[in-house]
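Some notes on the structure that comes next.
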Amino acid sequence: MQARSTKFMRDIARMFEDPRYPNATVVLDGKELPVHRPLVCKQSEYFEKAFKEAFVEGSSGVLIFNNDSGAAHWRVLKYLYASKYSDDLSHCFEASYIRPMSLLEDLKALAAVLLQQKLQDLCTSKSFPECIREVYVTTLENDCAMRSAVIEVATEHEDLFKDLIREGGDFPVDYFTSVVFPQRPADSSTHSQPSGLFGSTLSGTNRTYPTWR
Numbered sequence: 001m002q003a004r005s006t007k008f009m010r011d012i013a014r015m016f017e018d019p020r021y022p023n024a025t026v027v028l029d030g031k032e033l034p035v036h037r038p039l040v041c042k043q044s045e046y047f048e049k050a051f052k053e054a055f056v057e058g059s060s061g062v063l064i065f066n067n068d069s070g071a072a073h074w075r076v077l078k079y080l081y082a083s084k085y086s087d088d089l090s091h092c093f094e095a096s097y098i099r100p101m102s103l104l105e106d107l108k109a110l111a112a113v114l115l116q117q118k119l120q121d122l123c124t125s126k127s128f129p130e131c132i133r134e135v136y137v138t139t140l141e142n143d144c145a146m147r148s149a150v151i152e153v154a155t156e157h158e159d160l161f162k163d164l165i166r167e168g169g170d171f172p173v174d175y176f177t178s179v180v181f182p183q184r185p186a187d188s189s190t191h192s193q194p195s196g197l198f199g200s201t202l203s204g205t206n207r208t209y210p211t212w213r
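Each residue of the sequence shown is one higher than the one before, counting from 1 in UniProt numbering.
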């Protein structure tokens, strides 16, 4: 049974970009990507609503995105098929930016995990403050997962963020809130242990799309 389930998931992943059985098309910055409506819409309320409106309007089931977010949309669609996501830090920013549209909470959590892992690697580099700026620019104020990943790393390396604190904005507010009012860890005897928002072991995928490498 396990082997059958594994094969089924592998076959689903192989359907991504497969031109043989699609029943809809997503156009990303002018490039057509064949998709399978039942698979995509079942997992994403955003795509379900978008395709429903497209067919109501009499189109042939084509969604068009021309706002320079094609690479990010492509990675979200790939996640819907393969349940894997690139571990590139810039892709985490993209996923967070378009997540409110695709309504994928698990992808948001996964992106936060990847982000924190990358920030731990970059915390001593000169590009770290710029990464923090990028996170706060590309996330919504209520995007607690992504911003919490930043704050958790920042509190461990406070000497590196004096310039960012002087700049003001949401980052110093979140930073000092975390320091002055730290959250008390949940009692493991009364609460179930989380799967590890900042501690999961994640694997990427070697498949790439030729246009957005």
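Ideal Cβ placement from N, Cα and C applies to all residues, glycine included.
So what's residue i in DSSP terms, helix, strand or just coil?
i	result
residue 39	helix
residue 25	strand
residue 110	helix
residue 140	coil
residue 131	helix
residue 155	coil
residue 7	helix
residue 15	coil
residue 147	helix
residue 49	helix
residue 126	coil
Going by beta-carbon coordinates alone, are residue i and residue j separated by less than 9 Å?
i	j	result
residue 150	residue 116	yes
residue 32	residue 25	yes
residue 106	residue 136	no
Keeping to the same chain, check which residues put their C-beta closer than 7 Å to that of residue i; ignore five residues upstream and five downstream.
i	result
residue 64	27
Taking only beta-carbon positions, decide if residue i is within less than 9 Å of chain B.
i	result
residue 114	Among the protein chains of the structure shown there is no chain B, as only one such chain exists.
List the residues that DSSP assigns as beta-bridge partners of residue i.
i	result
residue 32	27
residue 64	27
Mark residue i as exposed unless 16 or more other C-beta atoms lie within 10 angstroms of its C-beta, in which case mark it buried.
i	result
residue 70	buried
residue 14	exposed
residue 21	exposed
residue 114	buried
residue 127	exposed
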